[in-house]
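Please read the structure below before turning to the comments.
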Amino acid sequence: MAEIIPFPRTRNRRFILKHAGNIAGMSAAQGEKYLANTVLKVQRETMLRRGVGSPVVEQEMRALELAIRAALWRVVMEGGAA
């Protein structure tokens, strides 16, 4: 049986760009901590609380992390424009 994620965070462009922009203004250590403890932890807890299975949650968290990191690179390489 397939588990459907109705609104994957990776599709929310505004969410991704907001966090990439926030991280771009931080040191590397602060950015890593923010991503792990503020963004991913909160999203993981929310999905688990809503009953999404752990393997799916981990897959979604990896996809979210990669989407934010890709957007961060675009922000850095384009000189601040997201």
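If you want the working numbering, it's the position in the sequence shown, counting the first as 1, plus 930.
Glycine included, each C-beta is placed from N, C-alpha and C at the ideal position.
Treat the numbers as computed from the prediction; the structure is a model and nothing was measured.
Take the Cβ of residue i as the centre, count every other Cβ of all protein chains shown within 10 Å, and call the residue buried at 16 or more, exposed below.
| i | result |
| --- | --- |
| M977 | buried |
| A997 | buried |
So, under 8 Å CB-CB, residue i and residue j are touching, yes? Tell me the CB distance rounded to an integer number of Å.
| i | j | result |
| --- | --- | --- |
| L947 | A1001 | 6 Å |
If you draw a straight line from the alpha carbon of residue i to that of residue j, how long is it in whole angstroms?
| i | j | result |
| --- | --- | --- |
| A993 | P985 | 13 Å |
| H949 | G983 | 25 Å |
| A959 | E995 | 16 Å |
| F945 | M956 | 17 Å |
Using a threshold of 9 Å, state whether the C-beta atoms of residue i and residue j are closer than that.
| i | j | result |
| --- | --- | --- |
| T940 | E990 | yes |
| I953 | L965 | yes |
| V1005 | G961 | no |
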